[in-house]
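One structure below.
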Amino acid sequence: MKKEIMLSFVMMGAMMLPVYAEDTPQTGDTELSYEQASTYTLSIPTNISLSDSADQELEIKLSAANIRPDQKVEVKCSDGIDASSLVTLTRTGGGEIKVKVTTDGTSGVTSSQVLASFVNHETTASTGGKIQFAKIENVDSGSYTGKVTFTAALETN
Numbered sequence: 172m173k174k175e176i177m178l179s180f181v182m183m184g185a186m187m188l189p190v191y192a193e194d195t196p197q198t199g200d201t202e203l204s205y206e207q208a209s210t211y212t213l214s215i216p217t218n219i220s221l222s223d224s225a226d227q228e229l230e231i232k233l234s235a236a237n238i239r240p241d242q243k244v245e246v247k248c249s250d251g252i253d254a255s256s257l258v259t260l261t262r263t264g265g266g267e268i269k270v271k272v273t274t275d276g277t278s279g280v281t282s283s284q285v286l287a288s289f290v291n292h293e294t295t296a297s298t299g300g301k302i303q304f305a306k307i308e309n310v311d312s313g314s315y316t317g318k319v320t321f322t323a324a325l326e327t328n
């Protein structure tokens, strides 16, 4: 019991020791940082049935878009459309046809052309976003198939 009382007095004496601080307060900064990369999901139809009665439209969209303010998503055709803005459809059993691809019904599409551009959290293109395939006219009966490849990339504004 005497040891406990003695220990209590020693601890109380230690708590009463004076603490000296500098006259001016000390300050310091902590810099915080976090980097979130741009993310998005590109939405392009995987199939389009062309028609002999009307042009067919393809719409390019994004979903789950989270794009940095200094960036944009640009979509281009990387394969399947030639320099004359034509896509080739090959007929099962032989033969082929060419179909005109445009952005507004008249202006042809090229491989270097930005077909759609997206910024911020937008899921609808800020520029472009739609292309048209001309209606099919005067072709032999049969099944025709072709392919157009699109590429999306983050670019600096």
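Numbering-wise (the numbering used here), the sequence shown opens with residue 172 and increments by one. No residue lacks a Cβ here, since even glycine has one placed at the ideal position from N, Cα and C.
Query, Result
"Can you have a look at Ile219 and say buried or exposed, based on whether 16 or more other CB atoms are within 10 angstroms of its CB?", "exposed"
"Cβ of Ser249 within 8 Å of Cβ of Ser278?", "no"
"Just grab the DSSP bridge partners of Val258 for me.", "Ile252, Val270"
"Can you tell me which of the three DSSP states Glu308 falls into?", "coil"
"Under the three-state reduction of DSSP, which class applies to Lys211: helix, strand or coil?", "Reading off the sequence, residue 211 comes out as Tyr, not Lys. Strand at Tyr211."
"Please list the terminal residues of the continuous beta strand (DSSP E) segment that includes Thr294.", "Where Thr294 is concerned, there is no enclosing beta strand (DSSP E), given that its DSSP letter is neither H nor E."
"Just grab the DSSP bridge partners of Asn237 for me.", "Thr210"
"Which stretch, first to last residue, makes up the beta strand (DSSP E) that contains Ser288?", "285-289"
"Work out the CA separation of Gln207 and Phe180 for me, nearest whole Å.", "In this prediction, Phe180 scores a pLDDT of 49, lower than 50, which makes its location untrustworthy; the coordinate-derived value is nonetheless stated afterwards. Cα-Cα distance, rounded: 56 Å."
"When the Cα of Gly265 is compared with those of Ser234, Asp311, Thr198, which residue comes out closest?", "Asp311"
"Name the one or two DSSP bridge partners that Val244 has.", "Phe289, Leu325"
"Is it true that the CB of Leu221 sits closer than 8 Å to the CB of Phe304?", "yes"
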